[in-house]
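Count along the sequence shown from 1, then add 86; that gives the number in the numbering used here. Backbone N, C-alpha and C define an ideal beta-carbon position, used for all residues, glycine too. The structure presented is a predicted model; accordingly, all values stated were derived computationally and were not measured.
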Amino acid sequence: MEKIKVRFAPSPTGPLHIGGARSALFNYLFAANKQGELVLRIEDTDLDRSKREYEDEIHESLRWLGIEWQEGADIGGANGPYRQTERLDIYEGYTKQLLDSGNAYYCFCSEDELEAERNSLSEKGETPRYLGKCRNLTEEERAQREKEGKRPTVRFRVPENQTILIDDLVRGQVSFETENMGDFIIIKSDGIPTYNFAVVIDDVLMGITHVIRAEEHLSNTPRQLMLYEALGFDKPFFAHISLILGEDRQKMSKRHGATSLFQYRDLGYLPEAMFNFLALLGWAPEGENQIMTKADLGKAFSLERVSKSPAVFDLDKLNWLNQQYLLSKSLLDYKQLLVDFVSKSNYAADINKLNEQQFNNLAKSLQPRLVFLGELDSHLQILFEPCQISEEAFNVLKDDGVIEVLCHIKNNLPEDLEVSILEVFLKSTVKELKIKAKQLYMPLRCALSGQLHGMELPVMINIWGRDETLRRLTSALTAIQA
């Protein structure tokens, strides 16, 4: 049986988008399931927009996500080079083959002429396409145009009145008619190949057996199949996966929030959570389990269970998954994750003043609360900013008996503020004052933090220390009495 080989071939014109990451992941999972190989090829023929820093970011993004590849521009391989701009001499030989066989020809039409042709067809209600003005130029006519300094493109001669059938592994059989397709450019006037031409040559020479990509490429497939035929190549299997939509059912864009993989990394989402989440965007495993390891996903993945329908990017589901992965971390691992984010925090200096036990207490308190690590500052603000008592909290502080409770706490606060000692102190105070727990904990929280909710009181008091805790209590009592 032929070895399964797939590829992910991004253009380095910007950060790796969520959609591209999902395409890479599906290729990786398919290869893992079939004990195959993944090639990472760089399609950098957009000379104006392609940048090496974007290529480096793509490599780094995929590695962060947990995807490995066996051949690529960064690691080499037997079928390189893996950047299209380094393969131009390879494309030249196949261009000559198509020209010599009559399957391609030189076109000298200017952009103004082509634009006028498109506009004319549109006005008639016809599909804009190239009508073949240069299809049958004589050698003399071609020489004359070259003499005039015109730089030609190379166009593929599309067979007339044919139906192109695609047996897509996700979408089933799809057909396209060549009638309104028009001869398409395979080599631009600057000698750079177009996507449809280069991708065919690269896939064949790199031994790609399955092309798994976004459905927006489906319309390119008939042109590529014609090139396979004209060059005498065996065609691969195709699988076009659905687009990713925002929750408003529109194509993902910046208005939906973060769209690049590194934006989610920088927000503090875990790579294993993102890997799990992206795998479930348009594919469903058997059973109800939603939390799956990388290895389990590789064993379970199949194109048969990839949906034709668009996948909806459900941020709530990503948040839930990420929180489950955060909760599963040991305290030691969780503390290390926090340390990495503390350096970016507005409260880094305050955190660095904590002793080891205080930081342990903080980590334990934060672990069930943080959905993603980028929320850290919203939880630290209550600890390290001056207390601002909210309206709701102040209403609690106006209740009967609150002043007596706060005064008792202030006058009897232990010297040792270890969390376990504070827990015993607060519980014994409830019994001593013969009140309900809520009558102590809620007003004390409101007095110290100014909020109705937050992390455990003993943890906050332990971090504040005796002086700051007493200062906050005094300030709250002054506000109530005023």
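Classification of residue i by the beta-carbon crowding that lies within 10 angstroms, buried from 16 upward
i           : result
residue 288 : buried
residue 161 : exposed
residue 322 : buried
residue 506 : exposed
residue 186 : exposed
residue 251 : exposed
residue 202 : exposed
residue 417 : exposed
residue 261 : exposed
residue 307 : buried
residue 93  : buried
residue 447 : buried
residue 206 : exposed
residue 425 : exposed
residue 414 : exposed
residue 239 : buried
residue 552 : exposed
Neighbourhood of residue i by C-beta, 6 Å cutoff - its chain only, sequence neighbours within 5 removed
i           : result
residue 313 : 286
residue 159 : 128, 168, 169
residue 509 : 544
residue 283 : 272
Residue from the options with nearest C-alpha to residue i
i           : options            : result
residue 174 : 554, 370, 495, 273 : 273
residue 366 : 355, 354, 379      : 379
residue 134 : 278, 243, 151      : 278
residue 310 : 243, 364, 471      : 243
residue 495 : 478, 514, 479, 485 : 514
residue 485 : 362, 524, 205      : 524
residue 90  : 106, 421, 116, 99  : 116
residue 221 : 299, 190, 184      : 190
residue 105 : 346, 502, 197, 476 : 346
residue 270 : 154, 139, 216      : 216
residue 276 : 237, 245, 511      : 237
residue 401 : 475, 350, 377, 255 : 350
residue 145 : 282, 441, 103      : 103
residue 192 : 204, 214, 232, 249 : 232
residue 453 : 412, 493, 492      : 412
residue 481 : 530, 364, 138      : 530
residue 99  : 377, 111, 139      : 139
residue 564 : 195, 512, 492, 502 : 492
Close Cβ partners of residue i (< 7 Å) along its chain, the five nearest in sequence each way excluded
i           : result
residue 444 : 548, 549
residue 328 : 301, 368, 393, 394, 395, 396, 397
residue 457 : 405, 408, 409
residue 570 : This structure leaves residue 570 out entirely; the chain is present only between 87 and 568.
residue 253 : 259
residue 479 : 532, 536, 537, 538
residue 476 : 536, 537
residue 303 : 326
Short Cβ contact (8 Å threshold) for residue i with residue j
i           : j           : result
residue 360 : residue 399 : no
residue 83  : residue 292 : As displayed, the chain neither begins before 87 nor continues past 568, which places residue 83 out of reach and without an answer.
residue 451 : residue 528 : no
residue 348 : residue 143 : yes
residue 354 : residue 469 : no
residue 294 : residue 125 : yes
residue 420 : residue 463 : no
residue 357 : residue 122 : no
residue 371 : residue 381 : no
residue 429 : residue 466 : no
residue 373 : residue 119 : no
Backbone secondary structure at residue i - three-state DSSP
i           : result
residue 106 : helix
residue 157 : strand
residue 190 : strand
residue 475 : coil
residue 370 : coil
residue 167 : coil
residue 387 : coil
residue 539 : coil
8 Å CB neighbourhood of residue i in its chain, flanking five on each side removed
i           : result
residue 534 : 473, 543, 546, 547, 550, 555, 558, 559, 562
residue 199 : 219
residue 567 : 489
residue 331 : 337, 338, 396, 397, 398, 399
residue 280 : 131, 270, 271, 272, 273, 274
residue 245 : 264, 312
residue 156 : 123, 124, 125, 163
Cβ-heavy atom distance, residue i to the ligand HEM, below 7 Å
i           : result
residue 425 : Of the ligands one can find in the structure shown there are none, so the ligand HEM has no counterpart to examine.
Chain D within 8 Å of residue i, Cβ atoms only
i           : result
residue 179 : Chain labels in this structure do not include chain D; a single protein chain is all it has.
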